[in-house]
Amino acid sequence: MHTAITIDALKVLDAIDRKGSFAGAASELFRVPSAISYTVQKLEDDLDVAIFDRSGHRATLTPAGRYLLNEGRALLEATHALAHTTRQVAQGWETRLKIAFNTLLPAEALFPAIREFHALGVPVEIQLIEEVFAGAWDALQSRRADLVFGADHLSKPAGPFETRVLGEVPFVYVVAPGHPLAQVTRPLSEEDIAQFPAAVAADSSRGLPAGSAGIFRRQPTLTVSNIDQKIAIQRAGLAVGWLPEPRIRHHIDEGSLVSLPVVEIRQPVVLHLAKHADDVGKALMWFWQRLAQPGQFDLWLEPLAKPGRHLVNGPDKGSQ
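Take 82 as the starting number for the sequence shown in the working numbering and just add one per residue.
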């Protein structure tokens, strides 16, 4: 099917408008003025509309011509981006990189790396995906994500994955200051805790078996979507439970959450960077190397005390 509007014609209109004349456009585009005039005349004939008003001393765009140019510039920008992206792919850069992050870690932990990546000037679209428990590994296995920031050591599936240890997240058992458990002066037992609803961040896995940690089987639950919501309902006194200590340190300091000793402690969770072993896109590998640098996540993670520590999650039951 013949299309009257071509990229070349739009380039001509854009040059005429910016340079203010057909002659100026011809000079910029390295063409003779007659070639510019022919392109405009053919476009007007094909569309059966007047693009320029030639009644004055100089040709000016008609309302239809102005509309065509404004919309056409969006197409010119799109074709420029398409050409750049095509060259980018040929050089090994992805057009999009999807990074899943474990809800135990805040999204802002990734912001410095993303800021540095943007400074490279490579137009790779970065997509952040929050996942809970086995959902992080599920996102990687199903290729909903290209890279996982904070894959736990408990729900890793079989497969050709490459991992790097980031550190471990310690947990504390916390309640709102006005909660009845805050008045108990001894370490909390299962009997003490089980009578109150547990705050649960539901596993976001779609295919892998759902993970679990930190509640008792006979305890009622209040389920939310992520750790931020879990923190909020525990601060409101609606539920109780374990939370990652680095995420709530300031709430404990300000008194909006109270840390309590418990009989059955929860072991820290070891978190990793993870990717498919055979994925080597340039953006992926840039983040792989950048996020693996030691010491940059000390606000949210602790280093492992010794190799192999906490490979089993102790007595925990329930959901994250």
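For every residue, glycine included, the Cβ atom is placed at its ideal position computed from N, Cα and C.
Excluding the 5 residues flanking Thr84 on each side, which residues of the same chain have their C-beta closer than 8 angstroms to its C-beta? none
What do you get for Ala90, buried or exposed, if any count of 16 or more other CB atoms within 10 angstroms of its CB means buried? buried
Quick one: measure Cβ to Cβ for Ala282 and Ile308, integer angstroms, because I've assumed they're closer than 8 angstroms. 6 angstroms
Can you have a look at Ser306 and say buried or exposed, based on whether 16 or more other CB atoms are within 10 angstroms of its CB? exposed
According to DSSP, is Trp323 helix, strand or coil? strand
Please name the residue in Ser223, Leu341, Val253, Phe214 whose C-alpha comes closest to that of Leu262. Leu341
Run of the alpha helix (DSSP H) containing Lys92, from where it starts to where it stops: 88-100
Starting from Thr302, trace the beta strand (DSSP E) both ways and give me its first and last residue. 302-305
Are there three or more Cβ pairs, one per stretch, closer than 8 angstroms when the region 194-203 is compared with the region 326-344? no
Reduced DSSP secondary structure (H/G/I, E/B, other) of Lys237: coil
How many angstroms separate the CA atom of Thr302 from the CA atom of Ala275? 10 angstroms
Let me know the secondary structure DSSP gives Gln370 once reduced to three states. helix
Could you tell me the alpha carbon to alpha carbon distance between Leu221 and Leu191, rounded to whole angstroms? 18 angstroms
Between the beta-carbon of Ala355 and the beta-carbon of Ala215, is there less than 7 angstroms? no
Which residues in the same chain as Asp227 place their Cβ atom closer than 6 angstroms to its Cβ, once the five residues preceding and following it in sequence are excluded? Leu178, Lys179, Leu365
In terms of DSSP beta bridges, what is Asn183 paired with? Glu212
Val256 by DSSP, collapsed to three states: which one? strand
Would you identify the three-state DSSP class for Asp134, choosing helix, strand or coil? strand
In whole angstroms, give me the CA-to-CA distance for Val130 and Val205. 40 angstroms
Identify, in the order they occur along the chain, each residue of the same chain with its Cβ nearer than 6 angstroms to the Cβ of Val253, setting aside the five sequence neighbours on each side. Glu326, Ser340
Any chance the region 182-197 sits against the region 374-381, with 3 or more Cβ pairs inside 8 angstroms? yes
Please state whether the Cβ-Cβ distance between Ala358 and Arg245 is less than 7 angstroms. no
What are the boundary residues of the alpha helix (DSSP H) that includes Thr120? 114-128
Identity of the residues DSSP links to Glu243 by a beta bridge: Lys356
Three-state secondary structure (DSSP) at Ile346? coil
Could you check what DSSP says for Leu178 in three-state terms: helix, strand or coil? strand
Indicate the three-state DSSP secondary structure (helix, strand or coil) for Ala106 in the structure shown. helix
Could you check how far apart the C-beta atoms of Gln310 and Leu324 are, in whole angstroms? I think they sit under 8 angstroms. At roughly 12 angstroms, the Cβ-Cβ gap does not stay under 8 angstroms, so Gln310 and Leu324 are not in contact.
Proximity winner among Asp273, Leu289, Asp334, relative to Gly322 (alpha-carbon distances): Asp273
Would you identify the three-state DSSP class for Leu157, choosing helix, strand or coil? helix
Report buried or exposed for Gly362, applying the criterion of at least 16 other Cβ atoms within 10 angstroms of its Cβ. buried
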